[in-house]
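Input: a single structure, listed below in structure tokens.
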Amino acid sequence: MAAILTTSRIRGRRTGRFWPLVAVVLTAGVALGGMAYAANNSVQGAKKEDGYEVDAPTAILIEAKSGSILFEKNADDLRAPSSMMKLMTAEVVFNALKKGEIKPTDEFRISENTWRKGGAPSGGSTMFAAINSRVSVDDLLRGAVIQSGNDSCMALAEGLSNTEAAFAERMTKRARELGLTKSTFANSTGLPDPGNKMTVRELAMLARHIVLTYPDNYKLFGEREFTWNKIRQQNRNPLLTMLEGADGMKTGYTKEGGYGMVGSAVQNGLRLIVVVNGLEDSDDRAAEAKKLLEWGFRNFEARTLFAADQAVGYAKVFGGDSRSVKLASPEPIKVMVQRNGTDKLVARIVYTGPVRAPVQPGQRIGVLKVWRGSNIAMEAPLVAAEPVATGSTTRRAIDGASELVIGLFRAGAEKL
């Protein structure tokens, strides 16, 4: 059973109205500068997309720490990710290293299949690893990240999963674990295949995950060059020399997907991540990515919506000694806003409920979703800020009867 709970702290009391919906939602207007109240109000201002456009068919700009979305355009359209897909290959390898499944010094063989399809004879981006040679995981990662070597990725795939097809299945499984629900992978390289599809949103999510989870491995993306087999190649990311603070991440091109780029940069302690895809020229992708990053650094700043452990709202409890439980976040909830203060933000608490008693402090209950205009700006998990014990037999009976009535009401409404 589910409901909508509207809460007003302005009047000093909580009032609830319950409707038969799929999820429980509390609508909260957010006043910037550390103040917030739960009510049907919001910060007034223009939509973020007003007055700013990009030429890229698909694009997104996010702040790395909070995940706040500063700009998006067709961010959920599935397109060929080309070599940007190598970020997923790198993540799988980083994760295997973190778990101790492999070591940086482990050596993988360059098979004939890898050499012919991804090496010197292939005509594509390559590390130029020699056939039947053995190359360390550490060097293969440099070949994949810095030189965009297809042979590097294929050798890593075969070394970890015996075949590239099996590794591609592992990539998809890992993507689902990371919350990338749309991405699919047919190989380790991003070379043309109908099975290779990603959105710029999920590419940004993946890039953010790599930045936050593997800070030491992430340094590879900022290395300017790498030499293998006496062949020196420059990092293919043009942002490294075009923009102050740029230190990653990956470019890509196929005829099917067009020119794309995942870029990241830090200025004044603020890290932004940009993804563009579908452009017709390599210079345009670099210019668009640079323009978006500069616009973000110039126009946005972080604001605190709720302090750590501050009450964000309440969730309805079933069968407890209290009818509701206070919700909060153990970390400050911050969102990126435009410096001129014209953003319109609406925050809603989303959870499945009512929550069954007993409830323990710190128990994950739901998520706070913040919209900027019609787009999600950020999400933050919410936990119970207080315990709720199991209520009396009478209380549980009353709650049960109430839910039964709501269920009957819902069934009747659905027939109308």
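FYI, the numbering used here numbers position 320 of the sequence shown as 320, with every residue one higher than the one before it.
We put the CB at the ideal spot given by N, CA and C, even for glycine.
Please read these numbers as outputs of a predicted model, since none were measured by experiment.
Quick test of your reading: residue i and residue j, contact by CB under 8 Å. State the CB separation rounded to the nearest angstrom.
{"i": "Gly-263", "j": "Ala-246", "result": "7 Å"}
{"i": "Asn-277", "j": "Ala-129", "result": "Contact doesn't hold; Cβ gap of about 28 Å is too wide."}
{"i": "Ala-377", "j": "Val-312", "result": "Contact flag wrong, Cβ pair sits at about 16 Å."}
{"i": "Thr-199", "j": "Leu-78", "result": "6 Å"}
May I have the straight-line CA-CA distance separating residue i from residue j, to the nearest angstrom?
{"i": "Lys-73", "j": "Gly-195", "result": "23 Å"}
{"i": "Ala-31", "j": "Glu-301", "result": "Legend: pLDDT at Ala-31 = 35, less than 50; position of this residue unreliable, no value from coordinates given."}
{"i": "Leu-156", "j": "Leu-243", "result": "31 Å"}
{"i": "Leu-206", "j": "Ile-273", "result": "10 Å"}
{"i": "Pro-104", "j": "Leu-140", "result": "9 Å"}
{"i": "Val-350", "j": "Met-249", "result": "33 Å"}
{"i": "Gly-353", "j": "Gln-310", "result": "21 Å"}
{"i": "Gly-320", "j": "Leu-191", "result": "56 Å"}
{"i": "Glu-202", "j": "Leu-70", "result": "15 Å"}
{"i": "Phe-318", "j": "Ala-347", "result": "24 Å"}
{"i": "Gly-149", "j": "Thr-227", "result": "12 Å"}
{"i": "Gln-147", "j": "Phe-167", "result": "21 Å"}
{"i": "Ala-23", "j": "Gly-366", "result": "Low per-residue confidence applies at Ala-23: pLDDT is 31, beneath 50, and the placement is therefore not dependable, though the value from the model is reported in the following sentence. Answer to the nearest angstrom: the Cα atoms are 10 Å apart."}
{"i": "Leu-373", "j": "Val-337", "result": "One detail in the question is off: residue 373 reads as Gly in this sequence, not Leu. Taking the straight line from one Cα to the other gives about 12 Å."}
{"i": "Asn-162", "j": "Ser-183", "result": "22 Å"}
{"i": "Ala-144", "j": "Arg-303", "result": "37 Å"}
{"i": "Glu-107", "j": "Val-325", "result": "54 Å"}
{"i": "Leu-293", "j": "Ala-265", "result": "8 Å"}
{"i": "Thr-89", "j": "Pro-387", "result": "43 Å"}
{"i": "Lys-99", "j": "Gly-67", "result": "25 Å"}
{"i": "Asn-95", "j": "Lys-197", "result": "22 Å"}
{"i": "Asp-284", "j": "Val-355", "result": "51 Å"}
{"i": "Ala-307", "j": "Pro-121", "result": "57 Å"}
Once DSSP output is grouped into helix, strand and coil, what is the label at residue i?
{"i": "Leu-368", "result": "strand"}
{"i": "Phe-128", "result": "coil"}
{"i": "Thr-105", "result": "coil"}
{"i": "Lys-291", "result": "helix"}
{"i": "Ile-210", "result": "helix"}
{"i": "Thr-163", "result": "coil"}
{"i": "Gly-149", "result": "coil"}
{"i": "Ala-80", "result": "coil"}
{"i": "Glu-72", "result": "strand"}
{"i": "Phe-185", "result": "coil"}
{"i": "Val-92", "result": "helix"}
{"i": "Leu-345", "result": "strand"}
{"i": "Glu-505", "result": "Residue 505 falls outside the range modelled here, since the chain spans only 1 to 416, and no answer is possible."}
Once you ignore the five residues that flank residue i on each side, which residues in its own chain have a CB closer than 8 Å to its CB?
{"i": "His-209", "result": "Glu-91, Leu-178"}
{"i": "Gly-362", "result": "Pro-330, Val-383, Ala-384"}
{"i": "Tyr-253", "result": "Ser-82, Ser-83, Tyr-259, Gly-260, Ser-282"}
{"i": "Arg-339", "result": "Asn-299, Phe-300, Glu-301"}
Tell me, please, which residues DSSP counts as bridged to residue i.
{"i": "Pro-381", "result": "Val-367"}
{"i": "Glu-301", "result": "Val-337"}
{"i": "Asn-375", "result": "Arg-372"}
{"i": "Lys-316", "result": "Ser-324"}
{"i": "Ser-136", "result": "Glu-107"}
{"i": "Met-171", "result": "None, per the DSSP bridge assignment."}
Under 7 Å Cβ to Cβ from residue i, same chain only, skipping five residues before and after it: list those, please.
{"i": "Asp-193", "result": "Ala-186, Asn-187"}
{"i": "Glu-164", "result": "Met-154, Ala-157, Glu-158, Asn-187, Ser-188"}
{"i": "Phe-221", "result": "Val-145, Asp-247, Gly-248, Met-249"}
{"i": "Gly-391", "result": "Gly-319, Gly-320, Asp-321, Ala-357"}
Looking only at its chain, what residues have a beta carbon closer than 6 Å to the beta carbon of residue i, apart from the 5 residues adjacent to it on each side?
{"i": "Ile-62", "result": "Ile-69, Ala-204, Ile-273"}
{"i": "Thr-114", "result": "Asp-151, Met-154, Ala-155"}
{"i": "Gly-296", "result": "Leu-61, Leu-70, Leu-272"}
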